[in-house]
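So in the UniProt record's numbering, spot 203 of the sequence shown is number 203, and the numbers just go up one at a time. Every residue gets a Cβ at the ideal spot worked out from N, C-alpha and C, and that includes glycine.
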Amino acid sequence: MSGNPDRRRAEIVRLATTSGLASVEELSSTFDVTSSTIRRDLARLTAQGLLARTYGGAMAVVAHPEDSLRQRFGDAFEAKRGIARWAAQQIGAGESVLLDAGSTVAALAHELRSSTQLLIATTSLAVLKELDDVEGLHVECLGGRLRHLSQGFVGPTTETALERMSFDRVFLGADGVTADRGICEADLQQTRLKELMARSAQKTYVLAHAAKIGRRPFHAWVQLPRPWTLVTDVGAPEDALAPFSAEGVEVVVVDAEGQISKPKPAAGQPIAP
């Protein structure tokens with residue numbers, strides 16, 4: 001396996017996922033390659049968001065493979081559109097808005113195509129593609145290293161650009177979101193960037209359809225400053241949303257048209273008339 005880098009890297013991810021930690025020395029011995037080769041493997045896997053570097057090795061940050069942005073676009077389409085429609089209605093003329101990477105945030109960008117007099121900054125290629133021909137908007141790209149899976153920019157260049165700007169509102173995507181930990185992400189650089197994004201805006205929104213609520217697919221977390229607003233769809237049950245309200249998070253539930261609605265009753269409860 002030492003002569004096949006792709007197979008070796010896939011096995012490194014498998015070992016890190018099952019054992020929780022992979023050291024350079026152990027991996028070097030297992031695959032009969034030099035420590036330098038292993039370090040290059042770990043650096044590449046970290047850049048791909050599959051591992052998180054630790055002192056002397058790496059640990060897995062994915063409990064299962066991360067879907068690409070292209071794969072996520074077709075998931076929960078109606079729910080994402082409703083969330084995006086509601087979010088677009090919160091933005092006033094002349095405001096400055098920061099848009100994260102992610103399919104639901106890209107749906108918000110689509111809803112903003114008819115807007116004018118907005119400054120929109122983004123870390124997302126999908127958002128840029130939605131807005132690249134809209135002349136009535138001022139669009140800023142926070143460049144950096146492109147993370148191909150999420151089609152978003154991350155890293156110190158992105159963070160430096162962000163430090164020079166402030167915003168009225170920021171809209172964040174999420175791989176999962178819980179009341180106690182915040183946003184769950186596949187990549188540690190994404191978590192730091194999202195925290196900086198939240199700090200740069202007066203109001204923070206997390207756009208997450210029902211399947212993301214309470215989900216913990218990875219091991220990297222974004223701690224959001226209070227208060228913040230969770231925007232989800234009618235498929236989210238009441239009992240899953242209650243912990244957010246208890247933690248002081250504003251919870252907004254919307255239907256497919258972007259109108260505020262009631263969440264789904266908890267299991268075993270009757271549906272109110």
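Identify, in the order they occur along the chain, each residue of the same chain with its Cβ nearer than 8 Å to the Cβ of Thr104, setting aside the five sequence neighbours on each side. Taking the sequence shown and counting its residues from 1, one reaches residue 104 at position 104. Once the five neighbours on either side are set aside, the close Cβ partners of Thr104 are Lys80, Ile83, Ala84, Gly173, Leu207, Ala208, His209.
Give the secondary structure of Trp228 by DSSP, where H, G and I count as helix, E and B as strand, and everything else as coil. Here residue 228 refers to the residue found at position 228 of the sequence shown. Here Trp228 sits in coil by DSSP.
Ordered list of alpha helix (DSSP H) runs contained in the segment 120-187, each at least 4 residues: 125-131, 156-163
Quick one: what does DSSP say Ile91 is sitting in, helix, strand or coil? Reading the sequence shown from its first residue, position 91 is the one you call residue 91. The answer is coil: DSSP assigns Ile91 none of H, G, I, E or B.
For Leu108, the first and last residue of its enclosing alpha helix (DSSP H): One-based indexing of the sequence shown puts residue 108 at position 108. Counting along the chain, the alpha helix (DSSP H) containing Leu108 begins and ends at 103-111.
Residues that Thr204 bridges to, as DSSP identifies them: Taking the sequence shown and counting its residues from 1, one reaches residue 204 at position 204. The partner list for Thr204 (beta bridge, DSSP) reads Val170.
Is Leu137 closer than 7 Å to Leu118 when the C-beta atoms are compared? Within the sequence shown, the letter at position 118 stands for residue 118. Within the sequence shown, the letter at position 137 stands for residue 137. Yes, Cβ-Cβ distance for Leu118 and Leu137 is below 7 Å.
Just reading off the alpha helix (DSSP H) that Val24 is part of, what are its end residues? Within the sequence shown, numbered from 1, the residue matching residue 24 stands at position 24. From DSSP, the alpha helix (DSSP H) with Val24 extends over 24-31.
Could you give the first and the last residue of the continuous beta strand (DSSP E) run that contains Glu250? Stepping through the sequence shown from its first residue, residue 250 is reached at position 250. Residues 250-254.
Below 8 Å CB to CB, which residues in the same chain sit around Asp100 once its five sequence neighbours on both sides are set aside? Indexing the sequence shown from 1 puts residue 100 at position 100. Cβ neighbours of Asp100 beyond the five flanking positions: Thr122, Thr123, Ser124, Gly152, Val170, Phe171, Leu172, Gly173, Lys194, Met197.
Need the endpoints of the alpha helix (DSSP H) that Leu98 sits in, please. On the sequence shown, position 98 is the one that residue 98 refers to. From DSSP, Leu98 is part of no alpha helix (DSSP H) but of the beta strand (DSSP E) over 96-99.
Terminal residues of the beta strand (DSSP E) in which Ala220 lies: Walking along the sequence shown from the start, residue 220 turns up at place 220. 220-222 is the span of the beta strand (DSSP E), which, as asked, contains Ala220.
Using only CA atoms, which one of Glu25, Gln48, Arg226, Trp221 lies nearest to residue 279? Because the chain here runs from 1 to 273, residue 279 falls outside it and cannot be looked at.
Let me know if Leu162 comes out buried or exposed under the rule of 16 or more other beta-carbons within 10 Å of its beta-carbon. Here the question's residue 162 lines up with position 162 in the sequence shown. Buried.
Given this structure, state the Cα-to-Cα distance separating His64 from Phe218, to the nearest angstrom. Your numbering for residue 64 matches position 64 in the sequence shown. Your numbering for residue 218 matches position 218 in the sequence shown. Any reading at His64 needs caution, since the residue's pLDDT is 47, under 50, leaving its predicted position unreliable; the model's value is listed next. Those two C-alpha atoms are separated by around 8 Å.
In the structure shown, what three-state DSSP assignment does Pro265 receive? By 1-based counting over the sequence shown, the position of residue 265 is 265. Pro265 falls in the coil class under three-state DSSP.
Pro243, enclosing alpha helix (DSSP H) - first and last residue: Here residue 243 refers to the residue found at position 243 of the sequence shown. From DSSP, the alpha helix (DSSP H) with Pro243 extends over 238-246.
Applying the 10 Å Cβ sphere with the 16-neighbour rule, what's the burial state of Arg14? Position 14 of the sequence shown, counted from the first residue, corresponds to residue 14. Exposed, by the Cβ-count rule.
On the DSSP bridge list, what partners appear for Leu118? To locate residue 118, count along the sequence shown from 1; it is residue 118. The partner list for Leu118 (beta bridge, DSSP) reads Leu137.
Can you tell me the Cβ-Cβ gap for Val154 and Gln190, rounded? I've got them flagged as a contact below 8 Å. For this step, residue 154 is matched to residue 154 along the sequence shown. For this step, residue 190 is matched to residue 190 along the sequence shown. The Cβ separation is near 6 Å, so the contact holds.
With a 10 Å radius around its C-beta and 16 neighbouring C-beta atoms as the bar for buried, classify Gly94 as buried or exposed. Counting from 1 along the sequence shown, the entry for residue 94 is found at position 94. Result: exposed.
Just the C-alpha distance for residue 296 and Ala16, rounded to the nearest angstrom, thanks. Outside the modelled stretch of the chain, which goes from 1 to 273, sits residue 296, for which no answer is possible.
Since Gly248 and Trp221 are thought to touch, with beta carbons under 8 Å apart, how far apart are those beta carbons, to the nearest angstrom? Here residue 248 refers to the residue found at position 248 of the sequence shown. Here residue 221 refers to the residue found at position 221 of the sequence shown. Wrong, their Cβ atoms sit about 18 Å apart, outside the cutoff.
Apart from the five residues just before and just after Ala236, which ones in its own chain have a Cβ nearer than 6 Å to its Cβ? The residue you call residue 236 lines up with position 236 of the sequence shown. Excluding residues within five positions, the ones whose Cβ falls inside 6 Å are Ala210, Ile213, Pro263.
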